[in-house]
Structure formats: structure tokens, C-alpha cells
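4 protein chains.
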Amino acid sequence: MQLGVVGLGRMGRIVVDRTLAAGHDVVAFDIDAEAREEAADAGATPADSLDSLAAELGEAKRIWLMVPAGDAVDAALSELEPHLSDDDVVVDGGNSHFEDSTRRAEETPAAYLDCGTSGGPAGAELGFSLMVGGPEWAYETLTPVFDAVATGPDGHARMGPAGSGHYVKMVHNGVEYALMQAYGEGFELLHEGRYDLDLESVAGVWNNGAVIRSWLLELCEEAFREEGSSLGTVADRIEGGSTGTWTVQEALAQEVPLPLVYAALSERFGSRADEGRFSRRLANRLRYGFGRHEVQRRDESESRTE
Amino acid sequence: MQLGVVGLGRMGRIVVDRTLAAGHDVVAFDIDAEAREEAADAGATPADSLDSLAAELGEAKRIWLMVPAGDAVDAALSELEPHLSDDDVVVDGGNSHFEDSTRRAEETPAAYLDCGTSGGPAGAELGFSLMVGGPEWAYETLTPVFDAVATGPDGHARMGPAGSGHYVKMVHNGVEYALMQAYGEGFELLHEGRYDLDLESVAGVWNNGAVIRSWLLELCEEAFREEGSSLGTVADRIEGGSTGTWTVQEALAQEVPLPLVYAALSERFGSRADEGRFSRRLANRLRYGFGRHEVQRRDESESRTE
Amino acid sequence: MQLGVVGLGRMGRIVVDRTLAAGHDVVAFDIDAEAREEAADAGATPADSLDSLAAELGEAKRIWLMVPAGDAVDAALSELEPHLSDDDVVVDGGNSHFEDSTRRAEETPAAYLDCGTSGGPAGAELGFSLMVGGPEWAYETLTPVFDAVATGPDGHARMGPAGSGHYVKMVHNGVEYALMQAYGEGFELLHEGRYDLDLESVAGVWNNGAVIRSWLLELCEEAFREEGSSLGTVADRIEGGSTGTWTVQEALAQEVPLPLVYAALSERFGSRADEGRFSRRLANRLRYGFGRHEVQRRDESESRTE
Amino acid sequence: MQLGVVGLGRMGRIVVDRTLAAGHDVVAFDIDAEAREEAADAGATPADSLDSLAAELGEAKRIWLMVPAGDAVDAALSELEPHLSDDDVVVDGGNSHFEDSTRRAEETPAAYLDCGTSGGPAGAELGFSLMVGGPEWAYETLTPVFDAVATGPDGHARMGPAGSGHYVKMVHNGVEYALMQAYGEGFELLHEGRYDLDLESVAGVWNNGAVIRSWLLELCEEAFREEGSSLGTVADRIEGGSTGTWTVQEALAQEVPLPLVYAALSERFGSRADEGRFSRRLANRLRYGFGRHEVQRRDESESRTE
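Top to bottom, those sequences are chains A, B, C and D.
Our numbering applies: residue 34 is where the first sequence begins, and numbers increase by one.
Our numbering applies: residue 34 is where the second sequence begins, and numbers increase by one.
Our numbering applies: residue 34 is where the third sequence begins, and numbers increase by one.
Our numbering applies: residue 34 is where the fourth sequence begins, and numbers increase by one.
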């Protein structure tokens, strides 16, 4: 099979490499010339524009987009559109919002597969987990590629119609936030608690046979090995949050309570409140109001313009 | 009626003053001589020891302890014990744990009333809310004093047997934590949100007829008036937490979920994590682990010994 | 001043009655003829259509919409539009989303005031709390009416530009959810806890001088008085939730954590999960998976089609 | 090595079988004669009392207790005590509270190892994860047995002094509650959400390469395979909760916030509130109080005595 890959960042390159390794042909495009050259070195046919990528693919095109979610997807689709017809298949392997995917599936002349991709850079060796939404025939057509890019035949499945792949990936990420925070709470208590513990050793023993063993826990073990039991200079600041926010938004729409996912998302927001949490500042002041407890003041020298 | 008052801090003095104002006699003791003199100036008979306070009160003693919860209560009771018999009544008006009160009620030769006291310094003018546990006859005997110290006859009631007064006060405080944080969340969203709002004005309008009007909201209004809409130098640090902790502990014992009270208590704990929350630091690091997202590092110069 | 009032339900009638009582003239319209007649009996001039209401008001119209948030507001505005010019003022006193209000303010030929209204039916006697957004001149023009409908001059204020009134009301309602649940948690612990308590008496004492006294706590006291300490047949089911949902959505957009408001909203959603919470069902089953703990099964006879 | 095993339930039998399989000798006791016979059939030397077990073991006894946490441990230790001296080692492999373990370590004449054991029945084949607290020499002495009972040398480690093994296991279980609920929230949203999904397939794809893959997620997959995507008759009721409660209690003592663990524990408590949650019932009633929203009533026929 011949696959066009658009976007040759870390994740796109894994798609290229695993597809090539499985014996397929790859036509690769990125706006960055160096990325194109590197893909060519790896065995792909480089294309210096989306037009030439489309030309190279001929009839019954199979194109995998691995570009940042948002405008970049629409831009690529818009440029590809003149070249697409209904026997072509476009895969969006990024973290798009499922409603964007539903819209794109309707607007695109080709069959459209929204493909939630999980596994990160570690997927280079192991393969990804792929959650795919869209027409059954298109999913089946791409199966050889999915087998290659995923961990194997068990690493991908069609979830349902358009949007369902990114929907399931969105929820996956919401759960991911909660799992990280759940492990974090456990290790926080161990770190602050009664014993002086070697947290790498704790994580290691847990990863061998304990109920809570997991890949994330292996990453905890790695983190403690590399940063030390006190996590050294790692800051109390968690970036990101869009897929978790989408998960909570969708749960509001479905009237499904997600207290753990919400709590985990809140920790991210709270970690970025550089001026301190206003709600806590008010509570501090109210304790003076009703009980004449001393107001805790921040150091003038630390105070920043708000 | 003649009342002995032990402990002449801010709250004890309110008990003295309101009892005197209602036409009763007060014998007042504090380990601090100056506090005794001030109470004498206010019209109380000063006693320079618990022994002389007991001697002054004669038979059928009525004694109100207003000392810090914990060892000070046991110390006072232990010193008073030789002077007490079963027609005496001792009131503990502090924030004792209800299980201590139950124990003390059993150990003390006098009738024992545990009296949860709410209202803070503002109670000087308005009177307190008093939640009383213990024998009915003792509660009734003290009614003239309770009428004086409380806002009036509606401001006190017997909750039930020994410990129930402090039990209800403990729960009151748990609710108090949650209410403060609930208002705090609302004002935080208004402060961070889309409009540039005068929060004193918001609180003021809410306090006039809105569903959420309350005394705590009046204190919010006062806080914004005195500190400004951005709360000036008020720090993100909330001290205290013992009664909220007791509330959650008791709820664990009763298997009652208290998500809001717990969340409010957690904000206090979190506000005092000067080194940052370990759980968030781990989540920050894990995002690198699975996604190669850049690790946020804290400034070396800020880093403190852990 | 002459005020047109559109919508004569419970809240609209309070606007009519309080405006009349303050000596102003009211032209009143509702699609329900009976409601119009009742308003006429109360002293208003009835109008049998929006056209005739507009005609009756002449130049410099002042119109208060008190219709259900959503399409009804757009329908009324659309019908009024031909009669409106830029020296007219329209007030939306309902629970509209602030983004709808911002849009309507732009689309409407008249000056537009979004007016968050709190206080419920109890506002009939006391007056409402009014949070107003929109042009300053329009707010000032309507001041005599706001004085009448609110608790008085302190019961209303201009929050800021278009949308800010409904924005502040939205947040008010989010806080309201959390306050109700906070009191609920306290009373749940008292109800399930160690003592057999009279919850009306507890609420009563708290309402007299305690830190947590509030109007909502007075409503708790009333609830226990009318339903009993065990709340009789009152069901574990909380309807509503739109303004709380909006509050959480806006907080997500602002990256402000609202753990208490979210927890309170989650209780509403959870209370309506008639088939049980799926997450708990899975946890139940997982305990068998790792520990062979017996799976709790629901009675076949209770099981419903999902 | 010769090991005495006390308690031949499911977990105790795994200890026996894995120790025998590694070529060690086992002396086995249980109060149930049938359990003793089955252990004898498996190759252990049965003992019909703790006295005879102790006699059989001779000098330098190594005894593994696998009895229910609580009084059974104290009872076994008390019966063994006359036979123990300081060159003996007793292992408590159950879910004891770490403070009990600390106390027992002080009271027992033998060296005492508290050994948190995770993995459940699945450990029969794979081996357990063992978190051990107590004297280093005792831990080293038992290493051959730990190698056999655990997944291997990586499946056990000495956490620190007395109590630390059960402390780490307690925290493990707190995390376990949160992980289960986190997955539960994700699957609840997928179940209630926009697409008709095959949850076994979702879990399967996630378990192949996704960031959130884990053993608990494999158990989710198994649960959906065996019960169906809607979980059939599995009830919304989660039993258990003691180790999660201990975790929260300890976190209160350490002033560490655990919002996710607490939320997960709350779901357990809430799932067992057969009369409904009182807090929600009050909120339902309050909505009538301030807004005249209809009170939801429970069916008289359903109402039960409270």
C-alpha cells in the first residue's frame, strides 16, 4: 500500500517509519524541508507540496494527516480538497475535537477517518493504540497501515461513525489526567508521610504484580530514578489541559458527573495561578472577619502587578 | 445568678460583659493579672486563683470555661475538681472535640455542659449562637446566663446529651469552611473572568435580597471594601483546620461523603504547601514521560531545602 | 414613570406589583388572557399584544421582559423590534446566558439592559437583588423602577457593560448550588451521626448569631419545620442545573477551578441517574476482578431497560 | 528454608503453593481441618494447632500469618508468643493498619515484618507484589520466601522500619480506589455519551499501546467481555472501604489533600446510601423554598422506615 503522510514531526515520523518498516510505500510532506529530507533518508518519497503529494499518490489516495489539531488540519484539507474524491481516504491522526472531525467528515470529498492516537514517542518501538471513527470500508482499506502503525491488529479498532475515534481519544485523555493525579496523590502522601521512603523502589515493587501496576506507574518509576525521590527541580506547574477540558465539557452536556477528572483538571489550572488562588485569599481574609484570626499577608517584595 | 468565668480572652470577656449587662454577678479568673483587672473594672469580682474563684462561688456553683480547647480545659477541670459536686454546673464554651467533652462529662463530679459557641467577636454586640449538650436540668439552670450570652432565647438550645453541643459546633465549622470556599470560588471567577467588576458592589447587591445573602457574604463585602477588589496583599494561605478535620474524620466514621467540606479543607492544606504540591510535580514530569512535553522546572534560586 | 412589562408569571407579577406600589404606571402583556386580567385588576393597563403594548408606551419606551430564558426572549425582541429606537430601553430580567445578552444588546435597536434577578417569590415583599449590565444612561433612566423592584437603592447596581448583569447572576447561581450542598452535607452528617438531633432546632440556633447564618439556612429551618427532621417523603432528586452548568463552562474557559460548585452540580446529575452510576457499577465489578469480592447484583425485578 | 503458614484461605494457599513450588518446606495451619488437608495434599506438613506448628518449626522459626486483619492477627500472635524468641521472624501478610503493625512489632518477642501484599488471586500464577517493613536482617532472612511468593526478586522490597510495609500498602489501596473510579468515569461518559460503543473493544484497544493501559484496564476489558457493554445486572453498590478510609485519615494527619482518593471513597459511601443522600434531599426541598420549584417526592410505596 502507498500512504501519503502530511506532517513529519515526532509523531508523523513514527507513522512514516512504522509504515515503511511494514513494507509499504510512503510519500511524505512537511513544510520544513529538513524534515522532508530526513523522511527521504528513511526511505520515504519526499513531496515538496501537498499538490505534488497528491499527484504522487494517484488514484485511490490514502493520506494520513499528523499535524497539530486545529487550523492546520483545516488548512491541509482545504489544500488537498481539489485532489480528493470519494474513493480516497484521509486519516486525521491528531488530537482534533470530535465535533471538528464530524464537520470535516461531512465537508471532505474523500472518506474521512478520525483516528485517536495514543502512546506518545514510546510508540516508535511498541506501536500506537489507534481509535478510529468513520466509514467501515475506509477503515478496512487502511487496515494494513493501521496494523503497522499500531501495536498490531489488537492495537486498533473502529469505534463507530465519524467523530467516534476522536471522541474515545478525548475520554482517554480525561482518564489519563485522573490517573496521573491519582498516582500523584499516593506518592505525595508517601513523600510527606511518616516514613523516609525510596519512591523509585516503591514504584518498582508496585509495578511487579500489584493491582495498580500500569505503564504510567512505570513512568513514575522512571521519573523517580531520573529525578530522585524528591523530584529535584521539577516544578509544581502542569501545562496542557485542552482534551481534559473537552472531556468535562462533554460530560456537562451529557449530565455525567466526573469528579475525579474534574479534580485533576483543576489541579492543572490551580498550578498555573501564579498570583495565588483568589478563593483562598478571600477565605484567609474572612477568617479575620468572623474570628479576628491574623490575616496572612504576602511579602510586598513578592507582590506582582495584577 | 452568679457565674464564674474562667478565661478572660476575647471570647471570655464577651461572656463576662454580656452576663453582667443582663444583671447577673460574675466572678472572673484568668492567669493574666491584667485581664483580671480589666474584668474587675467592667464590674466582675476578680479571683486570683481557681481555688478562690470556687470559694467565692459557694454552693451550687455555675462555672463557664472559656479557655483554649485541649489541655487547658483538662487543667482547669483538674484544679476545680476538689471543689465540685453534683449540684454544680460547669460549661465548656470552647471548641473542644466532642469525644473529649463526653469523657469530661463522665469524669467531672459536676454536671457538665459542652457548649458550642459561634459568632466570634461580633457576638459582643449581637450575642452568640450557643449549641449545648448535657443534662437537661443543668441546661435549664443556666438558661438565664445562656439568654444573656446568646442573641437571646432563640440563640441557644439544648442539642442532646453530653458531647452533642460540641458535635453540632464541629459540623457547623465544617459547613463554614465550605461556605467560605463557595463564595471564594464565585468571586474568583468574577475576578478572573470577562468583566472588570467592583466586587464590593457585587457583594453589596447580593446582600440585598439575593438568594445567597448571608453574614459571611457581608464579611466578603467588608473585605472588598477594606482590601479592594483585588484583595491587595492578602496572601493565598489559610491557617487553621482542626474542626474541619474533625468533621471529615467523623464523616469517615459515619460513612457520610462530604465532598464540599473536604474540598474546602483541601484548599487549606494546599495553600500551606510551600514547596508546591508533590502530586502536581509528578504529573508535570509524567507529561514528559509519555509525551516528551517540556518539564517545567523551578528556578534554582527559589528552590529550598526539602 | 411608565413601564411595559412582558410576561406575567410569578416573577413578572412581582415586577408589576412593586412598580405599581411605587407609584409608577404599568402596561402589562402576557399571552395568557387571564394573567393580563389579573394584572389589570392590580392596577396595570393591559395590552393584548406586543404591538399594542408598544403603541401604549409611546416615545422613550421602557420595557421589562420577564419571560423564560431562551427562545421566548428572542421572540419578544423580534416582535418588538419594529417599534424600538435608540432612546428606548429594554430590560431582560430573566436567567439568560450572558452571551445571548451580549448578542441581543448588539442586535436590538433599543438600549439593552441584562438584569440578573435573585430572590424568588420571597421578593414580592422584600424586593429583589438586581445585577444590571448595559449602558450607564439606560441604567440611570430605569433607576426609579429598579428602586421599586429591588429591595431599594442598595438592592441593585450596574455591574458593567452588556452581559455583565447576567454574568454575575450566573456566578451567583453557581455559588447558590454550592451553598445548598454545603448545608446539605452538614445536615446529612448530623442526621446520620451519633446523636438524635432536632434539625429544625439546630438550624434555628445557627440562624441566631452563628457564623453560617443566612437566608438559605432560614429556608433549611423552614424545610425541617414543614417536613420533619428526616425530610419525610422528599426525594433524593435535584432538578435544574443550567446556570450551574454555565458557571462551570465559563470557569473552564477562564481556567478557574471550581471544585465545590462542580461537586454540587455533580450531585444534581448523580441524583438523576435512575439506572445507577455506571462508574460505580464498574468499580463493583472490578473488585471481583482483582480480589474475588462478591459482585453486588441488582434485583432482576428492579432492572429496567437501558 | 522451612516456613510456617498460618491461615490457609485463598491468599494463604497461594503463599503455601508458591513457597512449595520454589522447593521450600511448609508447615501449614488453619482452624479449618479441610483447609489443612488440602494444604497437606499440596505437599505441606499440616499442623493441627499453633503450638504444634511452632513445635514443628524448631529453632529460628519463620512464620507467615495470612489471617484477616484485626483481632485474628492479635489472637495468633498471642498464641504463638510463648514459642517465639528474638531469632524468630513473623511476617504479617494481611491488610493490617500500620499502627497495629508498629505496636505488634514492639510487643512480639520475634522479629516482625509487616508485609503489604497486592495482586489478589491472580498472584497465584504471577506472584504478588510485597511491600515489607521491619528489621533489615529479618527481611534478608526471608528473601528466599519473598522471591517465591512475589513475582520474583523485583516483586518485593523493604520499604523501611516497622509499619512501613503496611503503610505503603494502605496508600496503594487508596490509589487503587481512585484508579478504578477514574476508569469508571471514562467508561460512564462513553456509555452515556454520543456514540453506541463496544466498551470491550475500547478497553482492548487502550490496553494495546495507549498511555492509560494497565492491569486494572485489562480487568475492565474482562468485565465488559463477561457482563456486556452495559454491565448487565451489576449493581451500583461498592462494598469495602477500610483501607481507603485509613488513607484519607492518614492524609488528614499529614495535612495532605487527596481530592481524587476522597472522591472515590465518597462514591463507595454514596453507593450504599439506600435511603438516598440526605444532602440532596435537602437541596431538592430548598429549591422549593427559594424558587417554588416543585418538590420531587419519593413514592410512598418505596418509602422505608428510617
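Virtual Cβ for every residue (Gly too), placed ideally from N, Cα, C.
No experiment lies behind these values; they were computed from the predicted model shown.
Under the 8 Å Cβ criterion, the segment 230-243 of chain C counts as touching the segment 157-173 of chain B, having at least three qualifying pairs. When rounded, the separation of the alpha-carbon atoms in B/His205 and B/Phe179 is 19 Å. With a cutoff of 8 Å on beta-carbon distance, B/Leu90 and B/Val124 are scored as not near each other. C-alpha of B/Gly156 to C-alpha of B/Ala181: approximately 11 Å in a straight line. As computed with DSSP, B/His189 is found in a beta bridge with B/Leu163.
Taking 7 Å as the Cβ-Cβ cut-off, the segment 285-303 of chain A approaches chain C at Leu285, Glu288, Val289, Pro290, Pro292, Tyr295, Ala296, Ser299, Phe302, Gly303, given in chain order.
Sixteen is the threshold: since fewer than 16 other Cβ atoms of the shown chains lie within 10 Å of the Cβ of B/Arg43, the residue is exposed. Between A/Arg136 and chain D, the shortest Cβ-Cβ separation is not below 8 Å. By the Cβ rule, the segment 287-297 of chain D counts as touching the segment 282-299 of chain B, because three or more pairs are nearer than 8 Å. With a beta-carbon spacing of about 48 Å, D/Arg191 and C/Asp269 fall beyond the 8 Å limit used to define contacts. Among the residues of chain B, those whose CB is under 9 Å from the CB of A/Cys253 are Leu315, Arg318, Leu319, Gly322, following chain order. Cβ contact annotation for D/Tyr172 (same chain, cutoff 7 Å, sequence separation greater than five): Leu146, Val165, Arg191, in chain order. When Cβ-Cβ separations below 8 Å define contact, D/Gln282 makes contact with chain B. As DSSP reads the structure, C/Pro115 sits in no beta bridge. Under the three-state reduction of DSSP output, B/Gln35 falls in the strand class. Taking C-beta atoms under 8 Å as the contact rule, D/Glu221 and C/Ser312 qualify, at a distance of about 4 Å. Bounds of the beta strand (DSSP E) holding D/Arg95 are 95-98.
Those residues of the segment 267-279 of chain C placed with their C-beta closer than 7 Å to a C-beta in chain A are Thr278, ordered along the chain.
Around C/Asp187, the beta-carbon contacts reaching into chain B at under 7 Å are Gly237, Asn241. Within chain C, no residue has its CB atom less than 7 Å from the CB of B/Leu90, the nearest being about 27 Å off.
Residues of chain D with a Cβ closer than 7 Å to the Cβ of B/Arg246 do not exist, since the nearest Cβ in that chain sits about 11 Å away.
When DSSP reads this structure, D/Ala61 sits in a beta bridge with D/Val38, D/Pro79. Cβ-Cβ distances below 7 Å link D/Phe257 to Leu232, Glu233, Ala236 in the same chain, with the five nearest sequence neighbours on each side left out; the list follows chain order. Taking a contact as a CB-CB distance under 8 Å, the pair C/Arg227 and B/Tyr216 does not count as one, their CB atoms being some 30 Å apart. The CB of A/His199 never comes closer than 9 Å to any CB in chain D; the least such distance is about 11 Å.
Nearest CB-CB separation between B/Ser151 and chain C: below the 8 Å threshold.
Each residue's CA atom was taken as its position, placing D/Ser118 and D/Ile96 some 12 Å apart. For A/Gly198 and A/Asn128, the gap between their C-alpha atoms comes out near 10 Å. Scanning B/Pro186, B/His326, B/Leu252 for the CA closest to the CA of A/Gly273 turns up B/His326. Residues of chain D with a Cβ closer than 7 Å to the Cβ of A/Arg227 are, in chain order, Tyr200. Residue contact with chain C for A/Arg51: absent (no Cβ-Cβ distance below 8 Å to any residue of chain C). Identification of chain D residues near A/Val178 by a Cβ-Cβ cut-off of 8 Å yields none; the smallest Cβ-Cβ distance measures about 15 Å. Taking a C-beta distance under 8 Å as the contact criterion, A/Ala73 and A/Val49 do not qualify as a contact pair. Here D/Asp63 is buried, its C-beta having at least 16 other C-beta atoms within 10 Å. Cβ neighbours of D/Glu260 within its own chain (closer than 7 Å, five residues either side excluded): Val267. DSSP assignment within the segment 255-282 of chain B yields no whole beta strand (DSSP E) run of 3 residues or more.
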